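>
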Amino acid sequence: MNYQFNEQLPDSKLVDKNILLQLFKDITNSYKYLFFMGLLKLLKRENFNKLTFSLEDIGYQMLALAYYPYKVFKLSFGLQDQICNELDNQKLTEDEEVLTFNPDKLIKRFKASSIEVNSFLKYVPYRLIRPFFQQELRGKRDQEVNRLISKLAKEEFMTRHPLYYIDEDNNKLIIHPGWVSYFSDNHELVLAFAKWEYLRYMQRNNPSVPNVQYKLFPEEKRQSLTKETNFWTEVLKKEELFCIYSHQRITPENFSLDHFIPWSFVVHNQLWNLIPTLKSVNSSKSNNLPSINRYFDNYAQLQHKGLTLFKTGATPSSWNKAIEPYLLDLRIEEYKISNYDYFKDKLKATVLPLITIAENQGFSNEWVYGS
1 MNYQFNEQLP DSKLVDKNIL LQLFKDITNS YKYLFFMGLL KLLKRENFNK
51 LTFSLEDIGY QMLALAYYPY KVFKLSFGLQ DQICNELDNQ KLTEDEEVLT
101 FNPDKLIKRF KASSIEVNSF LKYVPYRLIR PFFQQELRGK RDQEVNRLIS
151 KLAKEEFMTR HPLYYIDEDN NKLIIHPGWV SYFSDNHELV LAFAKWEYLR
201 YMQRNNPSVP NVQYKLFPEE KRQSLTKETN FWTEVLKKEE LFCIYSHQRI
251 TPENFSLDHF IPWSFVVHNQ LWNLIPTLKS VNSSKSNNLP SINRYFDNYA
301 QLQHKGLTLF KTGATPSSWN KAIEPYLLDL RIEEYKISNY DYFKDKLKAT
351 VLPLITIAEN QGFSNEWVYG S
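Be aware that the sequence shown starts at 1, since it is given in my numbering, and climbs by one per residue.
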């Protein structure tokens, strides 16, 4: 049982919240998390006024929830998980970013395609509500479990108050009104519980990946790069610099910030991972990993030069803010920051392992401009 949420979720006279806290026991894939969160999303969309939902619609919600962490960040869902196979089979022609941040549009594309949701709905609607009938299911063979759960959920619907029962003839779920009421009253807490359990599962399956918590659900808006842009604008005013990829001159009026390690892997805007380039070059690089042999030394030199130039004329306050991520993330000692070899070694000790993990995660590597 999740004791953290046991204290936060309120008790109810209509339903047993303790069973809710057991829904995500005995997990072998992501289906229970995605199914439950998809059901919550459909309930909220209907303002908790609807009790019946098709399994197919929940399946589409599951795919939409999986799309962002899998397609954008290449996270692993586990060896037994088939939902990513369905996403791989889809050839979505519209702009990926539009689909990523518009789940409704994404689901319309799924529905218009030949995507098959039944392959991952064979067990999860039954196994999710297994905790309601643990006594009766003890010792039963696995091939009997679905049938027994379906039978018990219908027969005990008004007495045991399971989350739902399954209308197999029409391929629908009928949710218990007591649970609909509970979810309506406590939606944010219940959703937070589901997201927390889902995060723990995804962290177990991606142990070397940084910032998994930021890679599961799309933000409505990416964090601003205003501070980082201002930093490099000040630097470019002091000395002429050139793009490490194209060798073209960069001006304060015409530059774009490149995440040396793609944002879709690190999910942050730390200054040590940002360098100025031209917009066309940045677009060409996209989410690819740059060739380390070709570009790392120039990247390190540009980073070090940027700090050196910025320090000239900077106030103590602005300097301290600028170097904070270097001190914390790269574990650089401030009094040594002017030593280029030391700085480069510290940068390499952080960047190279991240590049390797990103490669193993499936990010395209060895990108070279113009090739």
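From the three backbone atoms N, C-alpha and C, an ideal C-beta is built for every residue, glycine too. These figures come from a predicted structure and were not determined experimentally.
(1) How is the beta strand (DSSP E) around threonine 229 delimited, first residue to last?
(2) What is the rounded straight-line gap between the Cα of aspartate 297 and the Cα of histidine 304?
(3) Alpha carbon to alpha carbon, what distance is there between aspartate 26 and arginine 160?
(4) Measure the alpha-carbon distance for glutamate 94 versus serine 291 and round it to whole angstroms.
(5) In whole angstroms, give me the CA-to-CA distance for asparagine 85 and glutamate 359.
(6) At a cut-off of 8 Å, would you count methionine 158 as near the ligand MG, judging by its Cβ distance to the nearest heavy atom?
(7) Which whole runs of the alpha helix (DSSP H) in the segment 2-60 are 4 residues long or more, in chain order?
(8) Among residues of its own chain, excluding the 5 on either side of leucine 148, which ones have a beta-carbon nearer than 8 Å to its beta-carbon?
(9) So what does DSSP say about glutamate 94, is it helix, strand or coil?
(10) Return the first residue and the last residue of the alpha helix (DSSP H) that lysine 350 is part of.
(11) Taking 6 Å as the limit between beta carbons, can you name the residues of its chain near leucine 354, skipping five residues before and five after?
(12) What's the C-alpha gap between leucine 257 and serine 364?
(13) Identify the continuous alpha helix (DSSP H) that holds histidine 304 and give its terminal residues.
(14) If I follow the unbroken alpha helix (DSSP H) through serine 256, where does it start and stop?
(15) Relative to the C-alpha of lysine 321, which candidate in Ser286, Leu79, Gln270 and Asn47 has its C-alpha closest?
(16) Can you tell me the Cα-Cα spacing of tyrosine 68 and asparagine 205, whole angstroms?
(17) Are the segment 58-65 and the segment 107-122 in contact at 8 Å, needing three or more beta carbon pairs?
(18) Can you list, in chain order, the residues of its chain whose CB lies under 7 Å from that of aspartate 11, leaving out five sequence neighbours each side?
(19) Grouping DSSP H, G and I as helix and E and B as strand, with all else coil, what is leucine 289?
(20) When the distance is taken between beta carbons, is glutamine 8 closer than 9 Å to leucine 189?
(21) Whole angstroms are fine: how far does the CA of valine 235 sit from the CA of threonine 229?
(22) Taking the alpha carbon of phenylalanine 120 as the reference point, which residue from Glu156, Gln82 and Lys105 has its own alpha carbon closest?
(23) Name, in chain order, the residues that DSSP records as bridge partners for phenylalanine 242.
(24) Please classify serine 30 as buried or exposed, where buried requires at least 16 neighbouring CB atoms within 10 angstroms.
(25) Does DSSP put aspartate 391 in a helix, a strand or coil?
(26) If you draw a straight line from the alpha carbon of threonine 315 to that of threonine 233, how long is it in whole angstroms?
(27) DSSP three-state label for lysine 74, please.
(28) Since lysine 215 is in the alpha helix (DSSP H), which residue starts that stretch and which ends it?
(29) Closest to proline 218 by C-alpha separation, out of Pro103, Val266 and Thr226, would be which residue?
(30) Return helix, strand or coil for aspartate 329, following the three-state DSSP convention.
(31) Does the segment 178-194 come close enough to the segment 37-56 that 3 or more CB-CB pairs lie under 8 Å?
(32) Give the range of the beta strand (DSSP E) segment to which isoleucine 275 is assigned.
(33) Of the residues Met158, Arg127, Glu156 and Leu352, which one's Cα is nearest the Cα of glutamate 144?
(34) Taking the alpha-carbon of valine 209 as reference, which of Glu116, Tyr164 and Val267 has the nearest alpha-carbon?
(35) Check for me: the beta strand (DSSP E) holding isoleucine 175 runs from which residue to which?
(36) Please identify the residue among Lys237, Asn171 and Lys215 whose C-alpha is closest to the C-alpha of valine 117.
Here's the rundown:
(1) Looking at the DSSP string, threonine 229 is not in any beta strand (DSSP E); the run it does join, the alpha helix (DSSP H), is 226-238.
(2) 11 Å
(3) 22 Å
(4) Here the model assigns glutamate 94 a pLDDT of 48, short of 50, so the residue's position is not dependable and the matter cannot be decided.
(5) 20 Å
(6) The ligand MG is not part of the structure shown, which contains no ligands of any sort.
(7) 3-8, 17-20 and 31-45
(8) Phe133, Glu136, Leu137 and Lys140
(9) Low confidence applies here, because glutamate 94 scores a pLDDT of 48, under 50, leaving its location unreliable; read the following figure in that light. Here glutamate 94 sits in coil by DSSP.
(10) Per the sequence presented here, residue 350 reads as threonine, with lysine not at that position. Note, threonine 350: alpha helix (DSSP H), 340-361.
(11) Ile261
(12) 20 Å
(13) 292-311
(14) Element bounds for serine 256: not the alpha helix (DSSP H) but the beta strand (DSSP E), 256-259.
(15) Gln270
(16) 16 Å
(17) yes
(18) Lys17
(19) coil
(20) yes
(21) 10 Å
(22) Gln82
(23) Arg249
(24) buried
(25) Only positions 1 to 371 of the chain appear in this structure, which leaves residue 391 out of reach.
(26) 16 Å
(27) coil
(28) It is not in any alpha helix (DSSP H) - lysine 215 carries neither H nor E in the DSSP assignment.
(29) Pro103
(30) helix
(31) yes
(32) 274-277
(33) Arg127
(34) Val267
(35) 172-175
(36) Asn171
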